[in-house]
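Asks: In the numbering used here, the protein residues as written are 26 to 481.
For each residue, glycine too, the CB sits at the ideal point set by N, CA and C.
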């Protein structure tokens, strides 16, 4: 297996575009699928052995932890883009320096995340309007998971490095092992020992730790496309500034976007335990429904970064077109399943008919977004790869704060509002963001054509 792992790096600057993109995106998709199973398995096992309050606690707590993960992933995008561009420019020493400074930066992030989550867990549960019977469980889940924040940071750092060098198979292998361990831990601690919320959190932390350990073991046997020396592992202000310049806008945008989703969950929590549990189940399903566009977004960033670094603008633009078309085919299937068979999907994670009905009602709105995100996520991946992360942040903030949040708040105040109406806030914001991305893309293309900077 080690020989196969050593040969998983690939260049995105030559060869067929679609097959190369798909070859890289498929392991990313499978890895995201397994990552989604972390929270999904927690929710499913707790749903089978616990109460509606336990489901709500795990759902709300995992949403808080997902917010932290999203911020870390956004910051790590800075390393993916910078590393990919340096590899595309054929500068392995500078690529290694970027990795070394990134290690130091994310060590600080890990410590800060651990301390902040431990201290602020009750306040976060309060902000989320966790139901009274699920409040203590939510705090417990967050505090246990915060002990594994260092593993969340380490995993995302390693993942950003692997994606930057064109390797999507190693993250898949490590997540597969971790997912198996998480399932076993849930069945043992929740089903066997009846630890419910605490058991789900402990199993998740243990699985993440094993994933990081395996990643470190495998990376030692790889032939890397960059040169990392001991002296590169230091706080280089210029490099860290570049990483933050690329990653911080993505992290901030992702944070604000997720906060608006947390507000939506808080609104559902205020409706009662059944709507809270229903939206919790629906959000777990949405993690699966949105897997394909999410995989394309990550893959597009790495693919475009290398080609932009090599000066292959036309190749990067063609990758965007192929990504949108292939993602849209999957979006049609996912949208159909969510809208017409959402009750069947919700039944995977819950037995309570009322919870299933609430989840399906919310999923019908998300079915519309399945089609729209095929465009938006590929656009975002393209602009990230180009290093235009400030624009990515801007369009995300417009969608989140200018559309999604106001629509959700307006719906919550309506006398006859439903979970379907609440869910419509998401596709409404996506439409606006696609429009902004399209305008920016056309303006950028016109400028590059005028300057004669596009070459094959």
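For a test of your reading of the model: does the CB of residue 252 fall under 6 Å from any non-hydrogen atom of the ligand COA? Yes or no.
Replies: Of ligands this structure carries none, so the ligand COA is not represented either.
Asks: Express the C-alpha separation of residue 431 and residue 53 in angstroms, rounding to a whole number.
Replies: The residue labelled residue 53 in the question sits at position 28 within the chain shown. The residue labelled residue 431 in the question sits at position 406 within the chain shown. In a straight line, the C-alpha of residue 53 is about 33 Å away from that of residue 431.
Asks: So, with DSSP's three-state summary, where would you put residue 90?
Replies: By one-based count along the chain shown, residue 90 stands at place 65. Residue state, collapsed to three classes: helix.
Asks: To the nearest angstrom, report how far apart residue 29 and residue 191 are at their CA atoms.
Replies: The residue given as residue 29 occupies position 4 in the chain shown. The residue given as residue 191 occupies position 166 in the chain shown. Interpretation of residue 29 is limited by its pLDDT of 43, a score under 50 that renders its predicted location unreliable; the figure taken from the coordinates is listed afterwards. Residue 29 and residue 191: Cα-Cα distance of roughly 14 Å.
Asks: Report yes if the CB atom of residue 410 is closer than 7 Å to the CB atom of residue 324, and no otherwise.
Replies: On the chain shown, position 385 is the one that residue 410 refers to. On the chain shown, position 299 is the one that residue 324 refers to. Contact: no.
Asks: Note down, one range per segment and in chain order, each alpha helix (DSSP H) of at least 4 residues found wholly within the stretch 208-285.
Replies: 221-244
Asks: Tell me whether residue 374 sits in a helix, a strand or coil according to DSSP, three-state version.
Replies: Residue numbering aside, residue 374 sits at position 349 when the chain shown is read from its first letter. DSSP places residue 374 in coil when its eight states are reduced to three.
Asks: With the cut-off set at 7 Å, would you say residue 356 and residue 399 are in Cβ contact?
Replies: Along the chain shown, one-based indexing puts residue 356 at 331. Along the chain shown, one-based indexing puts residue 399 at 374. Taking 7 Å as the Cβ cut-off, residue 356 and residue 399 qualify as a contacting pair.
Asks: Return the residue from the list 208, 210, 183, 209 that minimises the CA-CA distance to residue 197.
Replies: Residue mapping note: residue 197 aligns to position 172 of the chain shown, counting from 1. Ranking 208, 210, 183, 209 by Cα distance to residue 197 puts 183 first.
Asks: Quick one: is residue 32 buried, meaning 16 or more other Cβ sit within 10 Å of its Cβ, or exposed?
Replies: As a first step, residue 32 must be located in the chain shown, where it is residue number 7. Note that residue 32 scores 42 on pLDDT, short of 50, meaning its location in the model is unreliable and no value can be drawn from it.
Asks: Pick helix, strand or coil for residue 27, following the three-state DSSP scheme.
Replies: For the purposes of this step, residue 27 is identified with residue 2 of the chain shown, where counting begins at 1. For residue 27, the predicted structure reports a pLDDT of 39, less than 50, and the residue's modelled location is therefore unreliable. A value from the coordinates is still provided. In the three-state DSSP reduction, residue 27 falls in the helix class (H, G or I).
Asks: For residue 474, is the classification buried or exposed, using 16 other Cβ atoms within 10 angstroms of its Cβ as the cut-off for buried?
Replies: Walking along the chain shown from the start, residue 474 turns up at place 449. Under this definition residue 474 is an exposed residue.
Asks: Residues in the same chain with beta-carbon distance under 6 Å from residue 458, minus the five sequence neighbours each way, listed in chain order, please.
Replies: As a position in the chain shown, residue 458 is number 433, starting the count at 1. Leaving aside the five residues that flank residue 458 on each side, the residues in its chain whose CB is nearer than 6 Å to its CB run, in chain order, 401, 420, 424.
Asks: Which residues bound the alpha helix (DSSP H) around residue 193?
Replies: For the purposes of this step, residue 193 is identified with residue 168 of the chain shown, where counting begins at 1. Note, residue 193: premise wrong, no alpha helix (DSSP H); not H, not E.
Asks: Check whether the Cβ atoms of residue 221 and residue 215 sit closer than 7 Å, and answer yes or no.
Replies: Your numbering for residue 221 matches position 196 in the chain shown. Your numbering for residue 215 matches position 190 in the chain shown. Yes, these two residues count as a Cβ contact at 7 Å.
Asks: Verify whether the separation of the beta carbon atoms of residue 276 and residue 99 is less than 7 Å.
Replies: Start at 1 with the first residue of the chain shown, and residue 276 comes out as number 251. Start at 1 with the first residue of the chain shown, and residue 99 comes out as number 74. A contact, by the Cβ cut-off of 7 Å.
Asks: Closest to residue 84 by C-alpha separation, out of 94, 151, 243, 71, would be which residue?
Replies: To locate residue 84, count along the chain shown from 1; it is residue 59. Looking at the Cα atoms, 71 is the closest of the given residues.
Asks: For residue 37, which of helix, strand or coil comes out of DSSP?
Replies: As a position in the chain shown, residue 37 is number 12, starting the count at 1. Coil at residue 37, not helix or strand.
Asks: Check whether the stretch 247-263 and the stretch 387-398 are in contact - that is, three or more C-beta pairs closer than 8 Å.
Replies: Counting C-beta pairs closer than 8 Å gives fewer than three between the stretch 247-263 and the stretch 387-398, which falls short of the contact rule.
Asks: Residue 304 and residue 284: beta carbons closer than 7 Å?
Replies: Numbered from its first residue, the chain shown carries residue 304 at position 279. Numbered from its first residue, the chain shown carries residue 284 at position 259. Taking a C-beta distance under 7 Å as the contact criterion, residue 304 and residue 284 do not qualify as a contact pair.
Asks: Could you check how far apart the C-beta atoms of residue 228 and residue 306 are, in whole angstroms? I think they sit under 8 Å.
Replies: Along the chain shown, read from residue 1 onward, the residue named residue 228 stands at position 203. Along the chain shown, read from residue 1 onward, the residue named residue 306 stands at position 281. Wrong, their Cβ atoms sit about 19 Å apart, outside the cutoff.
Asks: Should residue 126 and residue 264 be called a contact, given that it needs their Cβ atoms to be closer than 7 Å?
Replies: Against the chain shown, residue 126 aligns to sequence position 101. Against the chain shown, residue 264 aligns to sequence position 239. Their beta carbons are under 7 Å apart, which means residue 126 touches residue 264 by this criterion.
Asks: What is the C-beta distance between residue 433 and residue 450, in whole angstroms, given that I count them as a contact (C-beta under 8 Å)?
Replies: Reading the chain shown from its first residue, position 408 is the one you call residue 433. Reading the chain shown from its first residue, position 425 is the one you call residue 450. Confirmed, about 4 Å.
Asks: Could you pull out every residue in the same chain whose Cβ sits closer than 7 Å to the Cβ of residue 315, ignoring the five residues on either side in sequence?
Replies: The count along the chain shown starts at 1 and reaches residue 315 at position 290. The beta carbon of residue 315 lies closer than 7 Å to those of 398 in the same chain, with the five residues before and after it left out.
Asks: Where do the N-terminal and C-terminal ends of the alpha helix (DSSP H) with residue 118 fall, by residue?
Replies: Working through the chain shown from its first residue, we reach residue 118 at position 93. 117-152 is the extent of the alpha helix (DSSP H) around residue 118.
Asks: Just the C-alpha distance for residue 87 and residue 471, rounded to the nearest angstrom, thanks.
Replies: Stepping through the chain shown from its first residue, residue 87 is reached at position 62. Stepping through the chain shown from its first residue, residue 471 is reached at position 446. Looking at the two C-alpha atoms, the distance is approximately 44 Å.
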